[in-house]
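So the structure is just underneath, and the comments pick up after that.
2 protein chains.
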Amino acid sequence: MDKLSSLLQALNGSTPTSVPIWFMRQAGRSLPEYRDIKGSTPILDLLKNPEIVKTITLQPVSRHNVDAAILYSDIVLPLLVAGIDLRIEAGTGPKITEPFNTPNDTEKLNGDVVNSIPSKLDFVGEAVKLIVSEANVPLIGFAGGPFTLACYLIDGESSKTWSKTKSFMRTFPEAFSLLLNNLALLCAQFIRVQLLSGASVFQVFDSWVGVLDRCDFERFVVPSINAIRSSLSDFNQPMIYFGVNTSHLLDLMTSLEVDCIGIDWRISLTSAAESMNYNHSIQGNLDPSLLLSPFDVIKPIILQTLEEGMRIGGTNTKIGYIFNLGHGVLPETNPATITKTVELVHEFGRY
Amino acid sequence: MDKLSSLLQALNGSTPTSVPIWFMRQAGRSLPEYRDIKGSTPILDLLKNPEIVKTITLQPVSRHNVDAAILYSDIVLPLLVAGIDLRIEAGTGPKITEPFNTPNDTEKLNGDVVNSIPSKLDFVGEAVKLIVSEANVPLIGFAGGPFTLACYLIDGESSKTWSKTKSFMRTFPEAFSLLLNNLALLCAQFIRVQLLSGASVFQVFDSWVGVLDRCDFERFVVPSINAIRSSLSDFNQPMIYFGVNTSHLLDLMTSLEVDCIGIDWRISLTSAAESMNYNHSIQGNLDPSLLLSPFDVIKPIILQTLEEGMRIGGTNTKIGYIFNLGHGVLPETNPATITKTVELVHEFGRY
Chain A
4 MDKLSSLLQA LNGSTPTSVP IWFMRQAGRS LPEYRDIKGS TPILDLLKNP EIVKTITLQP
64 VSRHNVDAAI LYSDIVLPLL VAGIDLRIEA GTGPKITEPF NTPNDTEKLN GDVVNSIPSK
124 LDFVGEAVKL IVSEANVPLI GFAGGPFTLA CYLIDGESSK TWSKTKSFMR TFPEAFSLLL
184 NNLALLCAQF IRVQLLSGAS VFQVFDSWVG VLDRCDFERF VVPSINAIRS SLSDFNQPMI
244 YFGVNTSHLL DLMTSLEVDC IGIDWRISLT SAAESMNYNH SIQGNLDPSL LLSPFDVIKP
304 IILQTLEEGM RIGGTNTKIG YIFNLGHGVL PETNPATITK TVELVHEFGR Y
Chain B
4 MDKLSSLLQA LNGSTPTSVP IWFMRQAGRS LPEYRDIKGS TPILDLLKNP EIVKTITLQP
64 VSRHNVDAAI LYSDIVLPLL VAGIDLRIEA GTGPKITEPF NTPNDTEKLN GDVVNSIPSK
124 LDFVGEAVKL IVSEANVPLI GFAGGPFTLA CYLIDGESSK TWSKTKSFMR TFPEAFSLLL
184 NNLALLCAQF IRVQLLSGAS VFQVFDSWVG VLDRCDFERF VVPSINAIRS SLSDFNQPMI
244 YFGVNTSHLL DLMTSLEVDC IGIDWRISLT SAAESMNYNH SIQGNLDPSL LLSPFDVIKP
304 IILQTLEEGM RIGGTNTKIG YIFNLGHGVL PETNPATITK TVELVHEFGR Y
């Protein structure tokens with residue numbers, strides 16, 4: 004299975020025959036065949052149906068010929084399963100019915116609650132098994148990062164500033180650390196189910212950590228990510244950590260016990276690798292809005308990114324490179340552009 | 004006038020007797036006395052009334068004892084005056100009725116349109132004169148940055164990604180450059196009226212440039228900012244340039260012909276000054292969400308920022324330091340916290 008090895012080789016820091024490529028948010032909103040299945044069904048209902056999850060997860064693999072599948076799910080699913088009342092609205096993201104305001108609220112996610120989760124996630128394990136039995140590429144499992152989940156729990160809905168969360172963090176730092184630790188265990192439970200059922204890799208989406216300064220990232224986020232890894236120390240599958248807007252945090256990420264860091268387009272792949280002392284493999288970093296322009300306009304930028312990535316993932320370094328975007332595929336992206344991008348990377352991405 | 008000289012001395016790179024402090028968005032939404040005046044009047048109506056603008060501009064000066072006033076206005080006002088149909092909705096920001104989609108649309112802001120602006124801005128000049136005649140601190144004039152105005156014109160409303168704008172930029176780069184150049188002239192016209200009427204300093208708010216990569220910032224934004232400065236070469240007043248989320252762009256800002264750079268909290272004042280080779284004075288950089296926490300929690304962070312700023316603005320360097328936030332005051336901020344912050348900086352900010 005060549006394709007399995009290209010992703011896993013890059014994550015192990017060895018050089019595959021060609022650069023692996025996949026896209027964050029490749030499954031879902033940008034694909035007409037997804038919109039046909041979804042119709043007006045609420046997302047959370049789709050996520051609970053293993054057959055549907057399998058179909059949606061594999062749609063971009065057959066359409067785009069990407070080198071990995073990523074489970075179709077949502078970062079707030081474990082919160083829902085843990086008893087947090089929430090809904091996901093199309094276009095605006097998750098809304099928490101009763102956002103956390105005080106340290107007492109964090110009791111809703113205490114250790115007992117978190118430990119009761121795995122038995123309620125059978126439908127996730129079932130979906131993973133169905134996917135793995137059909138897929139000809141590795142499946143990436145995932146979870147949201149503890150800080151990012153705390154953002155939704157405390158701010159209650161998507162925010163540009165996440166100011167309620169940051170205010171909670173500073174006013175109740177011990178309670179916030181405890182919340183992040185419980186969320187780390189919750190994430191680990193969610194990922195554990197996926198790994199046990201056959202996922203080959205997992206990614207932690209900590210999208211909003213870029214709103215933090217260096218000091219708070221080091222104090223709150225680094226321990227929460229390393230807690231996920233140590234909760235999963237009985238697994239060998241590689242771990243990818245991803246955040247948006249992390250240029251100012253990258254050197255601090257050398258202390259994350261992960262295999263690969265996903266970065267956005269604000270910093271070059273080379274500068275990112277240098278900031279992290281070539282300690283972790285690198286994934287990224289095309290601006291998703293690039294895919295909205297005509298292909299002849301963006302082709303040189305894709306090739307330039309690829310060339311830079313290949314220097315990082317080449318035989319002279321100990322780290323690998325995975326082609327991806329710097330954030331999720333935008334809903335308005337023309338799927339044909341994604342397919343052409345994969346073709347281009349497959350054509351020119353040979354080591 | 005000691006207070007005048009503290010801000011202007013910091014901008015000239017000399018060391019004032021104490022650190023000047025003001026807050027972006029100090030006038031307006033966070034103050035109850037502002038909300039009393041505003042009531043349900045649309046913002047754009049307030050902006051056209053010089054007496055009201057004067058009152059709102061001076062409210063934070065008397066309440067907080069800050070060292071500068073900043074004109075109460077809006078970055079989209081020059082667009083409105085230039086004939087672009089738009090409205091400002093409380094909480095969500097500007098909405099453009101007919102967003103720009105094609106290069107043809109940019110004709111709405113051609114050179115003739117821009118040149119006709121000054122005569123339509125008498126009410127702005129009148130407000131500035133009223134403020135300057137009453138204020139005991141210098142008045143900061145301002146405009147939006149060309150890229151940031153283009154974001155509203157093309158995306159049509161506030162966005163996390165500004166993907167339509169970036170797509171336009173890449174698909175029609177010449178038309179986009181021309182648009183930015185015309186917007187630079189429009190900004191310069193807006194600022195010119197303020198300088199002629201007595202503003203002592205001006206700031207360009209280019210809030211959203213942080214979504215760009217380094218290459219696009221250099222290609223599109225740097226020329227647009229230098230075009231503003233050269234359009235105003237007949238004025239001596241210092242120029243401050245501000246953007247959010249610019250950690251990855253700071254070294255490129257050494258080529259901006261401005262006196263001071265405002266930065267956000269993601270990078271330390273010291274790292275920012277180093278990135279820019281101590282070429283520009285520095286303004287910033289407290290996280291606005293800090294002001295939502297109890298004062299005893301944030302006091303050490305304020306003092307630490309102040310201490311760092313004083314090393315930058317001290318006698319051993321050729322640049323100055325101005326205390327400010329890293330973005331605007333959040334509407335939900337308790338005004339008493341702002342007042343206490345000013346007191347603290349005045350008490351401990353003596354060189």
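Residue numbers (my numbering), protein chains in the order written: chain A, 4 to 354; chain B, 4 to 354. Each residue gets a CB set at the ideal place from its N, CA and C atoms; glycine is no exception.
When you compare only the Cα positions, how much space is there between residue i and residue j?
| i | j | result |
| --- | --- | --- |
| residue 5 (chain B) | residue 200 (chain B) | For residue 5 (chain B), the predicted model reports a pLDDT of 45, less than 50, meaning its position is unreliable; a value from the coordinates is still stated below. So the two alpha carbons sit approximately 21 Å from each other. |
| residue 313 (chain B) | residue 242 (chain B) | 21 Å |
| residue 320 (chain B) | residue 16 (chain B) | 8 Å |
| residue 149 (chain B) | residue 46 (chain B) | 22 Å |
| residue 346 (chain A) | residue 55 (chain A) | 27 Å |
| residue 123 (chain A) | residue 101 (chain A) | 22 Å |
| residue 157 (chain A) | residue 179 (chain A) | 10 Å |
| residue 329 (chain A) | residue 120 (chain A) | 31 Å |
| residue 21 (chain A) | residue 354 (chain A) | 6 Å |
| residue 355 (chain A) | residue 217 (chain A) | Not covered by the structure: residue 355 (chain A). The range shown for chain A is 4 to 354. |
| residue 219 (chain B) | residue 176 (chain B) | 10 Å |
| residue 227 (chain B) | residue 202 (chain B) | 22 Å |
| residue 104 (chain B) | residue 41 (chain A) | 30 Å |
| residue 198 (chain A) | residue 238 (chain A) | 8 Å |
| residue 235 (chain A) | residue 348 (chain B) | 47 Å |
| residue 44 (chain B) | residue 210 (chain A) | 38 Å |
| residue 305 (chain A) | residue 316 (chain A) | 16 Å |
| residue 357 (chain B) | residue 168 (chain A) | Residue 357 (chain B) cannot be examined here, being either before or after the span of chain B that is shown, 4 to 354. |
Looking at the unbroken alpha helix (DSSP H) that takes in residue i, where does it start and where does it end?
| i | result |
| --- | --- |
| residue 313 (chain B) | 298-316 |
| residue 65 (chain A) | 53-67 |
| residue 169 (chain B) | 166-174 |
| residue 38 (chain B) | 35-41 |
| residue 136 (chain A) | 125-137 |
| residue 163 (chain A) | Careful: residue 163 (chain A) lies outside any alpha helix (DSSP H) and carries neither H nor E. |
Mind checking whether residue i and residue j have CB atoms under 8 Å apart?
| i | j | result |
| --- | --- | --- |
| residue 245 (chain B) | residue 309 (chain B) | no |
| residue 145 (chain A) | residue 240 (chain A) | no |
| residue 248 (chain A) | residue 248 (chain B) | yes |
| residue 34 (chain B) | residue 137 (chain B) | no |
| residue 174 (chain A) | residue 291 (chain B) | no |
| residue 181 (chain A) | residue 170 (chain B) | no |
| residue 282 (chain A) | residue 257 (chain A) | yes |
| residue 223 (chain A) | residue 183 (chain A) | yes |
| residue 23 (chain A) | residue 71 (chain A) | yes |
| residue 91 (chain A) | residue 99 (chain A) | no |
| residue 225 (chain A) | residue 259 (chain A) | yes |
| residue 79 (chain A) | residue 155 (chain A) | yes |
| residue 77 (chain B) | residue 50 (chain B) | yes |
| residue 143 (chain B) | residue 191 (chain B) | no |
| residue 14 (chain A) | residue 262 (chain A) | yes |
| residue 311 (chain A) | residue 271 (chain A) | yes |
| residue 69 (chain A) | residue 12 (chain A) | no |
Output the boundary residues of the beta strand (DSSP E) element that contains residue i.
| i | result |
| --- | --- |
| residue 220 (chain A) | Premise fails: residue 220 (chain A) is in no beta strand (DSSP E) and is neither H nor E. |
| residue 146 (chain B) | 142-147 |
| residue 110 (chain A) | First-last for residue 110 (chain A): undefined, no H or E at that position. |
| residue 259 (chain A) | Note, residue 259 (chain A): premise wrong, no beta strand (DSSP E); not H, not E. |
Taking C-beta pairs closer than 9 Å, name the residues in chain B that residue i reaches, listed in chain order.
| i | result |
| --- | --- |
| residue 269 (chain A) | 213, 214, 215, 216, 217, 248, 250, 251 and 252 |
| residue 333 (chain A) | 164 and 166 |
Just to make sure I have the definition right: I need the residues of chain A whose C-beta is within less than 7 Å of the C-beta of residue i. Which are they?
| i | result |
| --- | --- |
| residue 300 (chain B) | 173 and 174 |
| residue 170 (chain B) | 292, 295 and 296 |
Between the options, which has its C-alpha nearest residue i's C-alpha?
| i | options | result |
| --- | --- | --- |
| residue 342 (chain A) | A:42, A:67 and A:63 | A:67 |
| residue 81 (chain A) | A:118, A:105 and A:57 | A:118 |
| residue 75 (chain A) | A:112, A:103, A:139 and A:128 | A:128 |
| residue 39 (chain B) | B:59, B:27, B:147 and B:116 | B:59 |
| residue 324 (chain B) | B:338, B:276, B:306 and B:334 | B:276 |
| residue 109 (chain A) | A:152, A:142 and A:322 | A:152 |
| residue 266 (chain A) | A:331, A:286 and A:63 | A:286 |
| residue 1 (chain B) | B:189, B:236, B:95 and B:274 | With chain B covering only 4 through 354, there is no way to say anything about residue 1 (chain B). |
| residue 93 (chain B) | B:340, B:303, B:32 and B:269 | B:32 |
Applying a beta-carbon distance threshold of less than 7 Å, which residues of chain B neighbour residue i?
| i | result |
| --- | --- |
| residue 106 (chain A) | Per Cβ cutoff of 7 Å: no residues; residue 106 (chain A) is ~14 Å from chain B at best. |
Strictly under 8 Å for the Cβ-Cβ distance: is residue i near chain D by that measure?
| i | result |
| --- | --- |
| residue 293 (chain B) | Absent from the structure is chain D; the protein chains it does hold are A and B. |
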